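Q:
Protein chains: 4
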Amino acid sequence: MPKPASQPPAPSPATSSRRTPARARGHLRQKLKTAYRDAILDAAEGLLARRGFEETKMSAVAEAAGVATGTVYNYFTGQEELFEAVMERCRDKMAATLAPAMSESDPMRRLKAIVTCLFKFVDGHRELAMIRQRNAARGSTRLARHEDEEEAVDHVTKALIATVDEAQQSGALRNDIDPLLLSGSLSGLIEAHFVHWLQRGGDAPLADQASNILKIFQEGASTP
Amino acid sequence: MPKPASQPPAPSPATSSRRTPARARGHLRQKLKTAYRDAILDAAEGLLARRGFEETKMSAVAEAAGVATGTVYNYFTGQEELFEAVMERCRDKMAATLAPAMSESDPMRRLKAIVTCLFKFVDGHRELAMIRQRNAARGSTRLARHEDEEEAVDHVTKALIATVDEAQQSGALRNDIDPLLLSGSLSGLIEAHFVHWLQRGGDAPLADQASNILKIFQEGASTP
Amino acid sequence: MPKPASQPPAPSPATSSRRTPARARGHLRQKLKTAYRDAILDAAEGLLARRGFEETKMSAVAEAAGVATGTVYNYFTGQEELFEAVMERCRDKMAATLAPAMSESDPMRRLKAIVTCLFKFVDGHRELAMIRQRNAARGSTRLARHEDEEEAVDHVTKALIATVDEAQQSGALRNDIDPLLLSGSLSGLIEAHFVHWLQRGGDAPLADQASNILKIFQEGASTP
Amino acid sequence: MPKPASQPPAPSPATSSRRTPARARGHLRQKLKTAYRDAILDAAEGLLARRGFEETKMSAVAEAAGVATGTVYNYFTGQEELFEAVMERCRDKMAATLAPAMSESDPMRRLKAIVTCLFKFVDGHRELAMIRQRNAARGSTRLARHEDEEEAVDHVTKALIATVDEAQQSGALRNDIDPLLLSGSLSGLIEAHFVHWLQRGGDAPLADQASNILKIFQEGASTP
DNA sequence: CATGAATGAGGCTTCATTCAT
DNA sequence: AATGAATGAAGCCTCATTCAT
């Protein structure tokens, strides 16, 4: 509706020359901008998860988002920034997902809560989860490439490390292993379950397996 | 060094184009071909490990191998086949490395032998190992991509699965977990150690940590 | 400042959409239109002088003018017409600047007056002057491009040609040289002084040098 | 002729396995490379002169040179380097053209020789000359842009400045004018003649007009 | 009309592959 | 066969222009 000629209330005479109040229009614009931005991010996220970083062309992202190629560049300066934004949003969502788990005070229970949260997240955001996994690989290779660059460790990884460390100090976990290595081991177990789940088709809910992981992690694989 | 071909005596310049009997020449040819092929594979392997799949250009491979770009295409039909050949050779070397471990009859001892062999291999072929890790990530994403394609599971992975299965049946490992998941967990632990080792700079010998892994795998991380 | 439009009294919010009688409103409209148009031209002029033709983007012009990109297209059909309009306005201003000089009847005095006017103009409108110089180069190359296109010779150039011609016929200037070439020579001298002035930083008033130019033009560079 | 099977002289048995002697082949390659490079430079030169810097697309250069787009990038890293190379070759040719004039010891005669050389050059290389002129404009605008950048003054300009300076010190040219301004004035005169010549169609030989220029420069335009 | 984001044609550049020598 | 330059398809990005609000 471009021209609602009658302005019944006309709240403020000063702005009466504008058909739509500036504030409302700005709000609309803002919403539209966010919608576009999100659509692009969503499209990129899906493609990144499905095809990987190198196979994700800007034009494909634009098409998937239902916009023109140039539009993408109105929201992101370039490919790198777009992908980075996807990763960041991914990290943010993961961090948000993790938040409730972090309030658990007992370290072992917190570990379990973390894993449960993670898997709940994966159940709801398979694509994001796949990106995260890819990026983990990317991360470790980058590490090999520029061994001195920034750490950029995942929020989740950090949480695991801290919690494992705490559990070791509280005597709940064995003390004869570098906490970094131990938390890495837990990460490896988590990823193994994730991969296993993917290979199974990703149908069954993953969250149920959190206790499985911790069972293995805590008790080991030997016959009890 | 693509040209180790020794030129025997070369009796007379006039007949030099037919110095060698046909059979011997064929043999020489064969050797030369193999030498070229290997040089190219070696170069590709190094670059793949160092720069990754997407950053490894055919011209760079050629240069690193000391041949012309076109030559690469005399030995491989294209980039994909070349990289595939590198991966295959990598898998073969891994399989060969694994062979002695497989002769161990007791499954638990065999598991430890496998891990030890793996880490010995990594100590000696860091580049190959890095490729393998990269490819693992690649593999799992590919899996997602063409979920119905070839299995292409690693020899090592197969060995682990079979051995874990055997150990479960012999009662050495807990029976309440899918053998695929259990062996995947072991793989995850192995990779976690590998990554940890990479992050530490990859200096210390990795083989020493085989027992560490199995300790965690068997006993778990809880305080004994 | 595209909006100098003073809003008279604005008697009642309810009738605010019809504050002004139609004729007055038309007048206002006209003024507003001109104000916008001028703002855009001014912005374009500044950017053209500063960044050059190829580096001057429509969006930058709009921003500098304080309007939206699309608005520019309400006043000019496109980039070419806008730039052409800038050039035309530039030519017009030059012509206006030149007017007083043209009333001088003696050709030699008129030449000096023209040069003086030119330099006064440059002193006051450095940007326009720079555009004019740029366009001179552009012009001569365009000439080469579509050798048959419009003449589009500058008003100043025309004035110089006519005056030089007159001076030749009056015997004040040598007759053995094509008047076009002779006036071109004077133009060249003028431009040389302008460039020299630019390279010196463009600080000192340029108008003082008018007599220098005419000295060289009339007497030549040899020791008197 | 790819396979001249008979190698009559066979100078050195060691290289007999190569059909074509390495040196000869290298020579051929070198020649071909130079031919390509020159073809590209020539094409770029023509387009730069005809269409200008901003209108000269890489693909057009390639097409004009009769090569594929990518080929251009085998010889120049990018557009900037290509254009720079054209300009450099242009400068070099100009410098070479100027060389004989510089051996003249008397400054006034040298000035005339320089102008004559310049015009001879223009007669033979109209395109290069046009590029030079464009670049002069470009140069002076660049100057305005980054007023502090490198000087990058033309060899010709330098020669003129030095010679004019010398002529002033020898008393042949008036001393009451900044030598830079005086040589600039001469440059302006030269360019004016060049432009005039272009506008006349560039048919008549330009070199004949060298004396005209110096006449004006030395004696001025007033009736003698 | 003003707005300013969407559009998409078009430019520059890269690199896997081919091919004449 | 080896060579290495030529090729051109394809990707990223810019920016003049359009158009819904």
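Chains as they are written, first to last, in our numbering: chain H, 1 to 224; chain W, 225 to 448; chain D, 449 to 672; chain R, 673 to 896.
Yeah, the Cβ is synthetic: ideal placement off N, Cα and C, and Gly gets one too.
Treat the numbers as computed from the prediction; the structure is a model and nothing was measured.
#1: Against chain D, with Cβ distances strictly below 7 Å, would Ala831 (chain R) count as a contact?
#2: Tell me whether His641 (chain D) is buried or exposed, calling it buried when 16 or more other Cβ atoms sit within 10 Å of its Cβ.
#3: Do the segment 735 to 744 of chain R and the segment 700 to 714 of chain R touch if we need at least three Cβ pairs shorter than 8 Å?
#4: Under 8 Å, CB to CB, which of the residues in the segment 277 to 307 of chain W have a partner in chain H?
#5: Between Ala561 (chain D) and the rest of its own chain, which residues show a CB-CB distance below 6 Å, the 5 nearest in sequence each way excluded?
#6: Do Ser855 (chain R) and Ile888 (chain R) have their beta-carbon atoms positioned less than 7 Å apart in this structure?
#7: Would you list the residues sitting across from Ser446 (chain W) in a DSSP beta bridge?
#8: Just the Cα atoms here: how many angstroms apart are Pro627 (chain D) and Gln616 (chain D)?
#9: At 7 Å on the CB atoms, spell out the chain R contacts of Leu628 (chain D), in chain order.
#10: Buried or exposed, going by whether 16 or more other CB atoms sit within 10 Å of the CB of Ala893 (chain R)?
#11: Within 7 Å of any Cβ in chain H, is that where the Cβ of Gly348 (chain W) sits?
#12: Apart from the five residues on each side of it in sequence, which residues of its chain come closer than 7 Å, Cβ to Cβ, to Glu375 (chain W)?
#13: What's the gap between the Cα of Asp654 (chain D) and the Cα of Asp540 (chain D)?
#14: Which value, in whole angstroms, describes the spacing of the CA atoms of Ser507 (chain D) and Lys606 (chain D)?
#15: Using a Cβ-Cβ cutoff of less than 7 Å, which residues in the same chain neighbour Leu495 (chain D) once the five nearest sequence positions on both sides are dropped?
#16: CB His155 (chain H) to CB Ala95 (chain H), shorter than 7 Å?
#17: Could you pull out every residue in the same chain whose Cβ sits closer than 7 Å to the Cβ of Pro237 (chain W), ignoring the five residues on either side in sequence?
#18: Secondary structure at Pro205 (chain H), three-state DSSP: helix, strand or coil?
#19: If contacts are defined as beta-carbon pairs under 8 Å, then Thr71 (chain H) and Arg398 (chain W) qualify, I think. What distance do you get, rounded to the angstrom?
#20: For Leu397 (chain W), go through chain H and note every residue whose CB falls closer than 7 Å to its CB, in chain order.
#21: If we cut at 7 Å on Cβ distances, does Glu575 (chain D) have a partner in chain R?
#22: Mind listing the chain R neighbours of His641 (chain D)? Cutoff is C-beta to C-beta under 9 Å, in chain order.
#23: Within 10 Å of its beta-carbon, does Leu28 (chain H) have 16 or more other beta-carbons around it, so buried, or fewer, so exposed?
#24: Give the secondary structure of His603 (chain D) by DSSP, where H, G and I count as helix, E and B as strand, and everything else as coil.
#25: List the whole-angstrom C-beta distance separating Phe531 (chain D) from Phe501 (chain D), where the pair is believed to meet the contact cut-off of C-beta under 8 Å.
#26: Taking beta-carbon pairs under 8 Å, can you tell me which members of the segment 104 to 117 of chain H lie near chain W?
#27: Comparing C-alpha positions only, which one of H:Ala204, H:Ile190, H:Gly201 sits nearest to Ser211 (chain H)?
#28: Under 7 Å, Cβ to Cβ, is there at least one residue of chain D near Ile712 (chain R)?
#29: Should Ser185 (chain H) go down as buried or exposed, given a rule of 16 or more other Cβ atoms within 10 Å for buried?
#30: Which two residues bound the contiguous alpha helix (DSSP H) that contains Val509 (chain D)?
#31: CB of Met556 (chain D) to nearest heavy atom of the ligand MN: below 6 Å?
#32: Quick one: measure Cβ to Cβ for Leu111 (chain H) and Thr163 (chain H), integer angstroms, because I've assumed they're closer than 8 Å.
#33: Would you tell me roughly how many angstroms separate the C-alpha atoms of Thr788 (chain R) and Gly860 (chain R), rounded to the nearest one?
#34: Straight-line CA distance for Leu352 (chain W) to Glu269 (chain W)?
#35: Any Cβ of chain R within less than 7 Å of the Cβ of Gln478 (chain D)?
A: Taking the geometry as given:
#1: no
#2: buried
#3: yes
#4: Phe277, Glu278
#5: Excluding residues within five positions, the ones whose Cβ falls inside 6 Å are Ala549, Glu552.
#6: no
#7: H:Leu173
#8: 8 Å
#9: His868, listed in chain order.
#10: Result: buried.
#11: no
#12: Per-residue confidence for Glu375 (chain W) stands at a pLDDT of 49, beneath the threshold of 50, marking its modelled position as unreliable; the derived number appears in the next sentence. So the list is empty, once near-sequence residues are dropped.
#13: Contrary to the premise, residue 654 (chain D) reads as Leu rather than Asp in this sequence. Each residue's alpha carbon lies about 21 Å from the other.
#14: 35 Å
#15: Thr504, Ala508, Val509, Ala512
#16: yes
#17: Note that Pro237 (chain W) scores 46 on pLDDT, short of 50, meaning its location in the model is unreliable; the coordinates nonetheless yield the value given after this. If we look at Pro237 (chain W) and ignore the five residues flanking it on each side, it has no Cβ neighbours.
#18: The answer is coil: DSSP assigns Pro205 (chain H) none of H, G, I, E or B.
#19: Not confirmed; about 55 Å, so no contact.
#20: Ala221, Ser222, Thr223
#21: no
#22: Leu853, Gly856, Ser857, Gly860
#23: exposed
#24: helix
#25: 7 Å
#26: none
#27: H:Ile190
#28: no
#29: buried
#30: 506 to 513
#31: This structure lacks the ligand MN, and indeed carries no ligand of any kind.
#32: 5 Å
#33: A direct Cα-to-Cα measurement between Thr788 (chain R) and Gly860 (chain R) gives close to 15 Å.
#34: 7 Å
#35: no
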